[in-house]
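Novice:
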């Protein structure tokens, strides 16, 4: 079913989520719609699977300090935002999630995957006894927020110095 | 031409930017395409105008302190993000801006309008002699970023306490 995922991926890149139909994916991949629906029960399931194959997996770094771990994570996300194709497709998922419950669910799953390494490094920091940490949802919002804002809203360059200031501000 | 803007607005709300065509707007508004193109040279110009009529204008507050001004601004943006229809359309503009230069230009103009009151309150703070302010693009990214993240990505509630912490973190 690689040809189906590949066709989905290509359509996502070229025209975003609104350009995706199972008809078109079937036409491009040469795989019958009935076969596609046997593997993926819905368009949303297929989109989620294609997205999961697009992003480089985000591991939890282990540098020995929370600041180091967050800096490594934020730097990797900044790199992906500026180079990987999922970054140009994410706004179409955000958009569709406003109108479509299934896609809102896809978005929540993607977001959860993005949070996982943050949870791991924050858990480790607690075990090491690092004190007076802000709540984890706050840290994540104050790191991911400015990165996303620069990528999709102000469309400014995200450089290493910016990432460092974002992390230091998040740690308060 | 109010009927054209109204039809554009309704289409934006119901299906986002991808649902917008001048054909469909002409059909809904009963105004001929040639007439529409006489008033708006392109689909993008029409979308920009419809968006400009949707958002409540964002004034520059004047509370006497930068913290007070930023808190007033951030609270008003948080309110609009959670209640006004432009907030559910913005992701479709972000999405289209990835693929379409004209819409990227529309997005840049909208973003600039959003920045204007921040520039005003930061300018006033400088005139009052408030010291050691972070750079204005940094302050804006660290305030708007977390608000946008919660509205369009994590889809968490944005309450007054969160807005206050965001502003305090931005001021460093």
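Chains as they are written, first to last, in the working numbering: chain C, 1 to 172; chain S, 173 to 344. The beta carbon of each residue, even a glycine, is placed where N, CA and C say it ideally should be.
Establish whether the CB of residue 324(S) and some CB of chain C are separated by less than 8 Å.
Specialist: Position 152 of the second chain, counting from 1, holds the residue named residue 324(S). Residue 324(S) counts as touching chain C.
Novice: Beta-carbon separation of residue 7(C) and residue 38(C) under 8 Å?
Specialist: Taking the first residue of the first chain as position 1, residue 7(C) is located at position 7. Taking the first residue of the first chain as position 1, residue 38(C) is located at position 38. No; because the gap between Cβ atoms is not below 8 Å, this pair is not in contact.
Novice: Helix, strand or coil, according to DSSP, for residue 324(S) in the structure here?
Specialist: Taking the second chain and counting its residues from 1, the one referred to as residue 324(S) is at position 152. Reduced to three states, the DSSP call for residue 324(S) is helix.
Novice: I want to know whether the stretch 76-83 of chain C touches the stretch 127-139 of chain C - three or more CB-CB distances under 8 Å.
Specialist: no
Novice: Identify which residue in 76(C), 122(C) and 154(C) has its Cα closest to the Cα of residue 262(S).
Specialist: Locating residue 262(S) in the second chain gives position 90, where the first residue counts as 1. For the options 76(C), 122(C) and 154(C), the alpha carbon positioned closest to that of residue 262(S) is the one of 154(C).
Novice: Find out if the Cβ-Cβ distance for the pair residue 189(C), residue 4(C) is shorter than 8 Å.
Specialist: In the structure as shown, chain C begins at 1 and stops at 172. Residue 189(C) is therefore absent and cannot be evaluated.
Novice: Distance check for residue 264(S) and residue 214(S), CA to CA, integer angstroms please.
Specialist: If you number the second chain from 1, residue 214(S) lands on position 42. If you number the second chain from 1, residue 264(S) lands on position 92. Distance between the alpha carbons of residue 214(S) and residue 264(S) is about 18 Å.
Novice: Given residue 67(C), which residues of its chain have a CB within under 8 Å of its CB, disregarding the five upstream and five downstream residues?
Specialist: Locating residue 67(C) in the first chain gives position 67, where the first residue counts as 1. Shown here for residue 67(C): same chain residues with a beta carbon closer than 8 Å to its own, the five before and five after excluded, namely 167, 168 and 171 in chain order.
Novice: In whole angstroms, what separates the C-alpha of residue 242(S) from that of residue 31(C)?
Specialist: Stepping through the second chain from its first residue, residue 242(S) is reached at position 70. Stepping through the first chain from its first residue, residue 31(C) is reached at position 31. About 55 Å.
Novice: Work out the CA separation of residue 23(C) and residue 194(S) for me, nearest whole Å.
Specialist: Your numbering for residue 194(S) matches position 22 in the second chain. Your numbering for residue 23(C) matches position 23 in the first chain. Approximately 26 Å between the Cα atoms of the pair.
Novice: Less than 6 Å between C-beta atoms, sequence neighbours within five positions excluded: which residues of the same chain meet that for residue 146(C)?
Specialist: For the purposes of this step, residue 146(C) is taken as residue 146 along the first chain, with counting starting at 1. Excluding residues within five positions, the ones whose Cβ falls inside 6 Å are 166.
Novice: Looking at C-alpha atoms only, which residue of 245(S), 257(S) and 236(S) is the closest neighbour of residue 185(S)?
Specialist: Residue numbering aside, residue 185(S) sits at position 13 when the second chain is read from its first letter. Selected option, being the one with the closest Cα: 257(S).
Novice: Quick one: which chain S residues come within Cβ less than 7 Å of residue 146(C)?
Specialist: Sequence index remark: in the first chain, residue 146(C) carries index 146 (1-based). The contacting residues are 313, 314 and 317.
Novice: Kindly give me the distance between the Cβ atoms of residue 271(S) and residue 15(C), rounded to whole angstroms, as I take these residues to be in contact under 8 Å.
Specialist: Translated into positions along the second chain, residue 271(S) becomes position 99. Translated into positions along the first chain, residue 15(C) becomes position 15. Cβ-Cβ separation between residue 271(S) and residue 15(C): approximately 7 Å, consistent with a contact (criterion under 8 Å).
Novice: Does DSSP put residue 272(S) in a helix, in a strand, or in coil?
Specialist: One-based indexing of the second chain puts residue 272(S) at position 100. It is coil, neither helix nor strand.
Novice: Taking the Cβ atom as the reference point for each residue, do residue 320(S) and residue 148(C) lie within a distance shorter than 8 Å?
Specialist: Here residue 320(S) is taken as the residue at index 148 of the second chain, counted from 1. Here residue 148(C) is taken as the residue at index 148 of the first chain, counted from 1. Yes; because the gap between Cβ atoms is below 8 Å, this pair is in contact.
Novice: The alpha helix (DSSP H) spanning residue 346(S) covers which residue range?
Specialist: There is no way to answer for residue 346(S), as the model of chain S reaches only from 173 to 344.
Novice: Of all the residues that make up the stretch 92-125 of chain C, which are near chain S by a beta-carbon distance shorter than 7 Å?
Specialist: Interface annotation for the stretch 92-125 of chain C against chain S: 92, 94, 95, 98, 99 and 111, criterion Cβ-Cβ distance under 7 Å.
Novice: Anything in chain C within Cβ reach of residue 310(S), meaning under 7 Å, just list it in chain order.
Specialist: Here residue 310(S) is taken as the residue at index 138 of the second chain, counted from 1. Under the 7 Å cutoff, chain C gives 165.
Novice: Any Cβ of chain C within less than 8 Å of the Cβ of residue 332(S)?
Specialist: To locate residue 332(S), count along the second chain from 1; it is residue 160. So, not an interface residue.
Novice: Suppose you measure from the CA of residue 275(S) to the CA of residue 268(S); what does that come to, to the nearest Å?
Specialist: Counting from 1 along the second chain, the entry for residue 275(S) is found at position 103. Counting from 1 along the second chain, the entry for residue 268(S) is found at position 96. Distance between the alpha carbons of residue 275(S) and residue 268(S) is about 6 Å.
Novice: So, under 8 Å CB-CB, residue 61(C) and residue 72(C) are touching, yes? Tell me the CB distance rounded to an integer number of Å.
Specialist: For the purposes of this step, residue 61(C) is identified with residue 61 of the first chain, where counting begins at 1. For the purposes of this step, residue 72(C) is identified with residue 72 of the first chain, where counting begins at 1. Going by Cβ atoms, the distance from residue 61(C) to residue 72(C) rounds to 4 Å, so yes, they are a contact pair.
Novice: Check each candidate in 76(C), 64(C) and 116(C) and name the one with the smallest Cα separation from residue 128(C).
Specialist: By 1-based counting over the first chain, the position of residue 128(C) is 128. It is 64(C) whose Cα lies nearest to the Cα of residue 128(C).
Novice: Does the separation of the CB atoms of residue 110(C) and residue 94(C) fall below 8 Å?
Specialist: Within the first chain, numbered from 1, the residue matching residue 110(C) stands at position 110. Within the first chain, numbered from 1, the residue matching residue 94(C) stands at position 94. The answer is no: Cβ separation not under 8 Å.
Novice: Along chain C, in chain order, which residues have C-beta atoms closer than 8 Å to that of residue 209(S)?
Specialist: Against the second chain, residue 209(S) aligns to sequence position 37. Residues of chain C passing the Cβ test: none, with the nearest at roughly 24 Å.
Novice: What's the C-alpha gap between residue 181(C) and residue 152(C)?
Specialist: Missing from the structure shown is residue 181(C); chain C here goes from 1 to 172 and no further.
Novice: If contact means a Cβ-Cβ distance below 7 Å, which residues of the stretch 51-74 of chain C contact chain S?
Specialist: none
Novice: May I have the straight-line CA-CA distance separating residue 160(C) from residue 75(C), to the nearest angstrom?
Specialist: By one-based count along the first chain, residue 160(C) stands at place 160. By one-based count along the first chain, residue 75(C) stands at place 75. Cα to Cα, residue 160(C) sits roughly 7 Å from residue 75(C).
Novice: Would you decide whether residue 181(C) is buried or exposed? Buried here means 16 or more other CB atoms lie within 10 Å of its CB.
Specialist: This structure gives no information on residue 181(C), because the portion of chain C shown stretches from 1 to 172.
Novice: Strictly below 7 Å CB to CB, what residues from chain S border residue 18(C)?
Specialist: Within the first chain, residue 18(C) is the residue found at index 18, counting from 1. What residue 18(C) touches in chain S: 190.
Novice: Where does the unbroken alpha helix (DSSP H) through residue 243(S) begin, and where does it stop?
Specialist: Within the second chain, the letter at position 71 stands for residue 243(S). Segment 238-255, the alpha helix (DSSP H) holding residue 243(S).
Novice: Once the 5 residues before and after residue 1(C) are set aside, which same chain residues still bring their CB inside 6 Å of it?
Specialist: Start at 1 with the first residue of the first chain, and residue 1(C) comes out as number 1. The residues are 39.
Novice: Any beta carbon of chain S sitting closer than 8 Å to that of residue 172(C)?
Specialist: Counting from 1 along the first chain, the entry for residue 172(C) is found at position 172. Yes, its Cβ sits closer than 8 Å to a Cβ of chain S.
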